[in-house]
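Numbering (the UniProt record's numbering), first residue to last: 1 to 609.
Below is one structure, written out as structure tokens; comments come after it.
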Ligand code: GLC
């Protein structure tokens, strides 16, 4: 009697223990199939042959790499399910895991809910809110066919000159630890008895999370992106490692290595931190993925000695390589390194075991294709209301009235005539910031959402005249007496990563001059849309009646109007110290020299004291 292949295939039995499935499948795999699982490629090179001939185990999209302009979730699901069907056609039928930078909602996808960036969530101090955002994001991500979100970034921000400030929840390790609740939102809450460090994904409405970038990415010297974090191991343990402990306790399934260096050694090459600390000491049992071309940066010029880069990084502890284009070269060199013994079979098996473990835990073998019933969750009312709540709670009130006993906020929604002006008053793209629709972000009506101007018009009485000018005209400024008050909205244009490194931090687009010009003649509320603290000139501070840090609020601008008109109080607290001058950076809240303009944790409420 022929025993049916399936019945002896433990790995295909969804009721079998995960570790038994891992062991069984690994024992059936050839070296090419194992190396294929360690290879992650970008969607643009994901041909059918990549899966059937090279056994590729993972695909991602770069920020802005979309099926086509304004592709909807269903278009994404069609694309990813296409890749999946190719993978399932391979000899062992191992499903791919598809990852994307869903870092503030499913931000690549047109019509998705775009939540405030992490810096604003840090200002809320609300861990349960962040968990709920994770759960909502997971639904919208799965609706698009994606299994894996490269979030949360748990960088502990030490210098606002860093181009990735807004991806951090703040400067304080304790605050960042609290905000790691995103992991439980994205993956689901593990049961009490869950083994620390073992991956956990509750079900089809959840995604695999990826805590990043291990470790010390927010602590580089002068905030230089991908720079060097000069610190003792004790400082790493005190400042940069604690959020990872919290994520491991929540069963985070993957970790992404940092481009940055620790005391001169690139993290992607640091076996002590990647293997001895993260895997052996802290007990991480998921898999470690490189950053985009993170291996290439190990040689100068970049990628010149790729074989050396692979050997160094894989032996240091990288399990999956985000190649992401030259995968045939990667597979060739990797195969050569294993056959020559420079990378041991034990190291390959460890990496593949970890990858398979996450795929089994995530249910990808049972549910490899998209659950289309999730599509109605994309940009749904509940998620937009959640994002609106997050915007409200993220706003930090820095000044309210030139005289403390005469608060300027809340604004009179029935005022006769108000001026709304500034580069950021009516720009959804600016409101969302980087990692939205494209890598660096965009200007304009980039998706479905509400600008602050839209929200103000919706919120004021029907007898209130709202005058909007992106840049206040001379005529308007000359007829200033006709305005009850002005709302001036200025800030930073979108940016990402190294493009965002900035050592001046002045408000772009002549923001300070516009504020000073308007506030000098009309009672003015200034709202700052920025990924970090920026220089506040003395005239800005003196002349404005009120000043609000709104960070990068995302698509639900109504949340700002809710608070400035008094439907809700301000409750946000600074997640990062607000410096006086860039020459004083970096600030250290625990140093005697600490002399901020507004200290970490500062934030007024709008109820009269
Ligand atoms: C980027 C970022 C990382 C992101 C990855 C994939 O360069 O450093 O945060 O997840 O590449 O887009």
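Ideal placement from N, C-alpha and C gives every residue a C-beta, glycine not left out.
All values derive from a computational prediction rather than experimental measurement.
{"Check": "Residue range of the unbroken alpha helix (DSSP H) whose run includes residue 55", "Outcome": "Taken as a continuous stretch (DSSP letters only), residue 55 belongs to no alpha helix (DSSP H), as it is neither H nor E."}
{"Check": "Contact test: residue 440 Cβ vs the ligand GLC heavy atom, cutoff 6 Å", "Outcome": "no"}
{"Check": "The segment 538-547 in contact with the segment 502-521 per 3-pair CB rule at 8 Å", "Outcome": "yes"}
{"Check": "Pocket of the ligand GLC (residues with CB nearer than 7 Å to any heavy atom), chain order", "Outcome": "60, 62, 63, 101, 150, 153, 212, 213, 256, 259, 291, 292, 322, 497"}
{"Check": "Status (buried if at least 16 other CB within 10 Å, exposed otherwise) for residue 304", "Outcome": "exposed"}
{"Check": "Simplified DSSP assignment, three categories, for residue 1", "Outcome": "In this predicted model, residue 1 has a pLDDT of only 44, less than 50, meaning its place in the structure is not dependable enough to derive any value."}
{"Check": "Distance, residue 310 Cα to residue 298 Cα", "Outcome": "9 Å"}
{"Check": "Nearest to residue 159 (by Cα), restricted to the options 168, 193, 151", "Outcome": "168"}
{"Check": "Whole-angstrom C-beta distance between residue 522 and residue 480, which should lie under 8 Å", "Outcome": "5 Å"}
{"Check": "Same chain only: Cβ atoms within 6 Å of residue 134, ignoring 5 sequence neighbours per side", "Outcome": "182, 185, 186"}
{"Check": "Beta-bridge partners of residue 273, as assigned by DSSP", "Outcome": "DSSP, once it has assigned bridges, lists no residue as partnering residue 273."}
{"Check": "Reduced DSSP secondary structure (H/G/I, E/B, other) of residue 79", "Outcome": "helix"}
{"Check": "Backbone CA spacing between residue 231 and residue 263 [nearest angstrom]", "Outcome": "7 Å"}
{"Check": "Cβ pair residue 130, residue 121 closer than 7 Å", "Outcome": "yes"}
{"Check": "Same chain, Cβ closer than 6 Å to residue 1, neighbours up to 5 away in sequence not counted", "Outcome": "Summary for residue 1: the model assigns pLDDT 44, below 50, so the residue's position carries little reliability, and this model does not support an answer."}
{"Check": "Beta-carbon gap between residue 420 and residue 453 smaller than 7 Å", "Outcome": "yes"}
{"Check": "Cβ shell of residue 527 (< 6 Å), same chain only, five flanking positions each side left out", "Outcome": "489, 548, 550"}
{"Check": "Status (buried if at least 16 other CB within 10 Å, exposed otherwise) for residue 164", "Outcome": "buried"}
{"Check": "Coil, strand or helix - residue 229 by DSSP", "Outcome": "strand"}
{"Check": "Expected contact under 8 Å - CB spacing of residue 26 and residue 349 to nearest Å", "Outcome": "6 Å"}
{"Check": "Best match in 142, 282, 317 for proximity to residue 78 [C-alpha to C-alpha]", "Outcome": "142"}
{"Check": "DSSP-derived helix/strand/coil call for residue 100", "Outcome": "strand"}
{"Check": "Proximity below 7 Å, CB of residue 199 to CB of residue 286", "Outcome": "yes"}
{"Check": "Extent of the continuous beta strand (DSSP E) run through residue 29", "Outcome": "Where residue 29 is concerned, there is no enclosing beta strand (DSSP E), given that its DSSP letter is neither H nor E."}
{"Check": "Continuous beta strand (DSSP E) stretch holding residue 576: start and end", "Outcome": "No beta strand (DSSP E) holds residue 576; DSSP gives it neither H nor E."}
{"Check": "Whether residue 451 touches residue 415 by CB criterion (7 Å)", "Outcome": "no"}
{"Check": "Which of helix, strand or coil DSSP assigns to residue 609", "Outcome": "Low confidence applies here, because residue 609 scores a pLDDT of 40, under 50, leaving its location unreliable; read the following figure in that light. Note: residue 609 maps to coil in three-state DSSP."}
{"Check": "Residue 600 vs residue 589 beta-carbon contact at 7 Å", "Outcome": "yes"}
{"Check": "Cβ contact check for the segment 191-207 and the segment 556-571: 3 or more pairs under 8 Å", "Outcome": "no"}
{"Check": "Uninterrupted beta strand (DSSP E) stretches inside the segment 276-354 (no shorter than 3 residues)", "Outcome": "287-289"}
{"Check": "Cβ-based neighbour list, residue 431, same chain, cut-off 8 Å, excluding 5 preceding and 5 following", "Outcome": "424, 449, 451, 452, 529, 552, 553, 554, 555, 557"}
{"Check": "Integer-rounded CB distance, given that residue 180 should sit under 8 Å from residue 207", "Outcome": "With a Cβ gap of about 15 Å, residue 207 and residue 180 do not count as contacting."}
{"Check": "Beta-bridge pairing of residue 419 - partner residues as DSSP gives them", "Outcome": "467, 486"}
{"Check": "The alpha helix (DSSP H) enclosing residue 684, as first and last residue numbers", "Outcome": "This structure leaves residue 684 out entirely; the chain is present only between 1 and 609."}
{"Check": "Opening and closing residue of the alpha helix (DSSP H) in which residue 406 lies", "Outcome": "Neither: residue 406 is in no alpha helix (DSSP H) and is coded neither H nor E."}
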